[in-house]
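Asks: For our numbering, add 454 to where a residue sits in the sequence shown, where the first one is 1. Backbone N, C-alpha and C define an ideal beta-carbon position, used for all residues, glycine too. Note that this is a predicted model, so its numbers are computed, not measured. Right, I'll just put the structure down here and ask away after.
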Amino acid sequence: MAQLITATGKGAFMTCAVLYFTRIVGFSPTQLGMGLSVAGIAGVVAGVPFGHMADQRGARSVSALLVVLTGAVTVAYVFIDSYRLFIVLACAYMLFDRGGQAARQSLMTAVLKDRDLVMARAQLRVTINIGVSIGAAFGAVALQLDSRAAYITIFLLTGISFFVCAAFITRLPRAEPAPTRQSGEPRFAVLRDRPYALVSLINMFLVTHAPLLDVILPLWIALHTGAPRSLAATLIVLNTLTAVTLQIRISRRIDTLAGALRAFRMAGLGLAAACVLFALSSGRGTWSAIAVLIPAAALHVYGEMTQSAASWVVSYELAPDTQQGQYQGLFNTGMAVNQMLAPTALTFLLIGWGVPGWLILSCVFLLAGWAMSPVVRWAVRSRPATDPGLAAGTNGHVRRGAEWAPGPQATRQDAGGAGRSAG
């Protein structure tokens, strides 16, 4: 319920924000873009420190606080009277929103166990898609009215949605703070975990698939194919419906590290094939282009769902229980960087270069999918021998793959482990 409510609010907010700031407040598109880029930088640096705060202070209370602060900033948008204030509020929004995501993921590891942890992520992804779609419908009404009162109403309702979300978060079980750091132990241990950082980097390249459908494809269809421009909207709707219908089913099959690495390879292959088909649509007539673009979009959503499920397993399994917040914060930092840079980079690569750009991106997806396996194995080998999180999971699954674990570490039984079984 918490996720559904905020997703609905965000869906309405995202639908209206650009026109509110340009048509009502009076910022130019360039000013808006620059402001959001600066805020994006603030979001990039938020994950690790706020995730660490959740580990140390208790994930439930920190999550609720950051959600409330995000709602307060959203409401404050209606009082903007200068560009400087917009920059301050936009940066604050990204700090609290990104930090809140890291804190909530830390909370999930505290209140969910084993297979429930991965399945909950799948269910939340479905919930987010539903909520954003509902919110976008409300936003469409405001766009049709196109008045200051309509936009302000959306912003106020979005702020209220965050407050209600915080109330639901406080009903979850309390998450105990992590033990006090020992003398000499680094405050942000994740920043010294090179294997995990590299896993996050590779995943960042894989999630480059995110802006393909809603940013790149409309431009590609209009400028490089003979397909009707409305096809882009149709493919986005089909993508959403497919994710809502199949995400949970796909996630059930990806519940161990070994399964996640197979999924990464399949995701890389599917996304690479989608890029090749998108490239083949160049210069085709109406029906020929449609015949190529529909299966390309199907491969894209398959790669998207598979990559998402695999990333949930890897991000949790490789993180110590007592530092889930900062580890999830770093993992999501890669996605924040991607969201900030990928639209511009992909527009240059794909719209500017055309077919060669799609083929280059295809190779990136393919290599990233296959590169995840040796890097995750490196991460497994680098874990301390006292880490039982590398041993056997529930239901007879091997959480981090006995075929990878060096020697007797595959049966570690020491207390204080590092991961949670998704098996």
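Hey, residue 825 and residue 708: beta-carbon distance below 8 Å or not?
Replies: By one-based count along the sequence shown, residue 825 stands at place 371. By one-based count along the sequence shown, residue 708 stands at place 254. No; because the gap between Cβ atoms is not below 8 Å, this pair is not in contact.
Asks: Using a Cβ-Cβ cutoff of less than 8 Å, which residues in the same chain neighbour residue 651 once the five nearest sequence positions on both sides are dropped?
Replies: Reading the sequence shown from its first residue, position 197 is the one you call residue 651. These residues qualify, in order along the chain: 644, 645 and 784.
Asks: Starting from residue 793, trace the alpha helix (DSSP H) in both directions and tell me its first and last residue.
Replies: Walking along the sequence shown from the start, residue 793 turns up at place 339. First-last of the alpha helix (DSSP H) with residue 793: 778-800.
Asks: Within its chain, find whatever has a CB closer than 6 Å to the CB of residue 576; leave out the 5 residues flanking it on each side and keep chain order.
Replies: Locating residue 576 in the sequence shown gives position 122, counting from the first residue. Closer than 6 Å at the Cβ level, and outside the excluded window around residue 576, lie 701, 702 and 705.
Asks: What's the gap between the Cα of residue 540 and the Cα of residue 566?
Replies: Here residue 540 is taken as the residue at index 86 of the sequence shown, counted from 1. Here residue 566 is taken as the residue at index 112 of the sequence shown, counted from 1. Straight-line Cα distance between these residues: approximately 38 Å.
Asks: In the structure shown, what three-state DSSP assignment does residue 600 receive?
Replies: Walking along the sequence shown from the start, residue 600 turns up at place 146. Coil, per DSSP.
Asks: Just how far apart, CA to CA, sit residue 578 and residue 500?
Replies: As a position in the sequence shown, residue 578 is number 124, starting the count at 1. As a position in the sequence shown, residue 500 is number 46, starting the count at 1. If you take the alpha carbons of residue 578 and residue 500, they lie about 22 Å apart.
Asks: Give the single residue among 798, 563 and 776 whose Cα lies nearest to the Cα of residue 767.
Replies: Mapped onto the sequence shown, residue 767 falls at position 313. Residue 563 is the option with its Cα nearest to residue 767.
Asks: If contacts are defined as beta-carbon pairs under 8 Å, then residue 804 and residue 670 qualify, I think. What distance do you get, rounded to the angstrom?
Replies: Taking the sequence shown and counting its residues from 1, one reaches residue 804 at position 350. Taking the sequence shown and counting its residues from 1, one reaches residue 670 at position 216. Confirmed, about 5 Å.
Asks: State whether the segment 541-560 contacts the segment 674-686, with contact taken as three or more CB pairs (one from each stretch) at a distance under 8 Å.
Replies: Short answer: they don't touch.
Asks: I need the DSSP call for residue 733, collapsed to helix, strand or coil.
Replies: In the sequence shown, the residue the question calls residue 733 occupies position 279. Correct three-state label for residue 733: helix.
Asks: Just to confirm the assignment, what range does the alpha helix (DSSP H) spanning residue 525 have?
Replies: As a working mapping, residue 525 is identified with position 71 in the sequence shown. Start and end: 513-530.
Asks: Measuring CB atoms only, is the segment 711-731 touching the segment 810-822, in the sense that at least three cross pairs come out at less than 8 Å?
Replies: Yes, they touch.
Asks: Is the separation between the beta-carbon of residue 613 and that of residue 526 shorter than 8 Å?
Replies: Translated into the one-based positions of the sequence shown, residue 613 becomes position 159. Translated into the one-based positions of the sequence shown, residue 526 becomes position 72. Cβ distance < 8 Å, so residue 613 and residue 526 count as in contact.
Asks: Determine the DSSP secondary structure at residue 679, reduced to helix, strand or coil.
Replies: Residue 679 sits at position 225 when you count from the first residue of the sequence shown. Three-state DSSP puts residue 679 in coil, outside helix and strand.
Asks: Apart from the five residues on each side of it in sequence, which residues of its chain come closer than 8 Å, Cβ to Cβ, to residue 573?
Replies: Position 119 of the sequence shown, counted from the start, is the residue given in the question as residue 573. 702, 705 and 706, listed in sequence order.
Asks: Rounding to the nearest angstrom, what Cα-Cα distance links residue 585 and residue 519 in this structure?
Replies: Mapped onto the sequence shown, residue 585 falls at position 131. Mapped onto the sequence shown, residue 519 falls at position 65. Roughly 22 Å between the two C-alpha positions.
Asks: Would you decide whether residue 517 is buried or exposed? Buried here means 16 or more other CB atoms lie within 10 Å of its CB.
Replies: Along the sequence shown, one-based indexing puts residue 517 at 63. Flag for residue 517 reads buried.
Asks: Is residue 500 helix, strand or coil by DSSP?
Replies: Reading the sequence shown from its first residue, position 46 is the one you call residue 500. In this structure, residue 500 counts as coil in the three-state DSSP scheme.
Asks: Do you know whose CA, among 595, 761 and 693, lies nearest residue 823's CA?
Replies: Reading the sequence shown from its first residue, position 369 is the one you call residue 823. Out of 595, 761 and 693, 761 has the C-alpha closest to the C-alpha of residue 823.
Asks: Quick check: what's the CA-CA separation for residue 755 versus residue 665?
Replies: For the purposes of this step, residue 755 is taken as the residue at position 301 of the sequence shown. For the purposes of this step, residue 665 is taken as the residue at position 211 of the sequence shown. Cα to Cα, the separation comes out at about 12 Å.
Asks: How would you label residue 799, buried or exposed, when you count the other beta carbons within 10 angstroms and need 16 or more for buried?
Replies: By one-based count along the sequence shown, residue 799 stands at place 345. Classification for residue 799: exposed.
Asks: For a test of the three-state rule: what should DSSP assign to residue 595, helix, strand or coil?
Replies: The sequence position of residue 595 within the sequence shown is 141, counting from 1. DSSP places residue 595 in helix when its eight states are reduced to three.
Asks: Under the rule that 16 or more other beta-carbon atoms within 10 Å means buried, what is residue 599, buried or exposed?
Replies: Position 145 of the sequence shown, counted from the first residue, corresponds to residue 599. Exposed, since its Cβ has fewer than 16 Cβ neighbours within 10 Å.
Asks: Answer with buried or exposed for residue 765, where buried requires no fewer than 16 other C-beta atoms within 10 angstroms of its C-beta.
Replies: Numbered from its first residue, the sequence shown carries residue 765 at position 311. When all chains shown are included, residue 765 counts as buried.
Asks: Apart from the five residues on each side of it in sequence, which residues of its chain come closer than 6 Å, Cβ to Cβ, to residue 456?
Replies: Here the question's residue 456 lines up with position 2 in the sequence shown. 619, 622 and 623, listed in sequence order.
Asks: Could you tell me the boundaries of the alpha helix (DSSP H) in which residue 547 lies?
Replies: Translated into positions along the sequence shown, residue 547 becomes position 93. From DSSP, the alpha helix (DSSP H) with residue 547 extends over 537-565.
Asks: Tell me the rounded alpha-carbon separation between residue 721 and residue 712.
Replies: Stepping through the sequence shown from its first residue, residue 721 is reached at position 267. Stepping through the sequence shown from its first residue, residue 712 is reached at position 258. Cα to Cα, the separation comes out at about 14 Å.
Asks: Starting from residue 831, trace the alpha helix (DSSP H) both ways and give me its first and last residue.
Replies: Here residue 831 is taken as the residue at index 377 of the sequence shown, counted from 1. From DSSP, the alpha helix (DSSP H) with residue 831 extends over 809-836.
Asks: Pairing CB atoms from the segment 740-755 with CB atoms from the segment 786-795, are three or more of them under 8 Å?
Replies: No: the two stretches stay apart, fewer than three of their Cβ pairs being nearer than 8 Å.
Asks: Out of 512, 507, 492 and 597, point me to the one whose CA is closest to residue 547's CA.
Replies: For the purposes of this step, residue 547 is identified with residue 93 of the sequence shown, where counting begins at 1. For residue 547, the nearest C-alpha among the options comes from 492.
Asks: Please classify residue 487: is it buried, with 16 or more other beta-carbons within 10 angstroms of its beta-carbon, or exposed?
Replies: For this step, residue 487 is matched to residue 33 along the sequence shown. With fewer than 16 Cβ atoms within 10 Å of its Cβ, residue 487 is classed as exposed.
Asks: So is residue 776 in contact with chain D if we call contact Cβ pairs under 8 Å?
Replies: Among the protein chains of the structure shown there is no chain D, as only one such chain exists.
Asks: Can you have a look at residue 684 and say buried or exposed, based on whether 16 or more other CB atoms are within 10 angstroms of its CB?
Replies: Stepping through the sequence shown from its first residue, residue 684 is reached at position 230. Classification for residue 684: exposed.
Asks: With distance defined between alpha-carbon atoms, name the residue in 495, 821 and 553 nearest to residue 659.
Replies: Your numbering for residue 659 matches position 205 in the sequence shown. Selected option, being the one with the closest Cα: 821.
Asks: Could you tell me the distance, in whole angstroms, from the CA atom of residue 482 to the CA atom of residue 686?
Replies: Along the sequence shown, read from residue 1 onward, the residue named residue 482 stands at position 28. Along the sequence shown, read from residue 1 onward, the residue named residue 686 stands at position 232. Near 27 Å, if we compare the C-alpha coordinates of residue 686 and residue 482.
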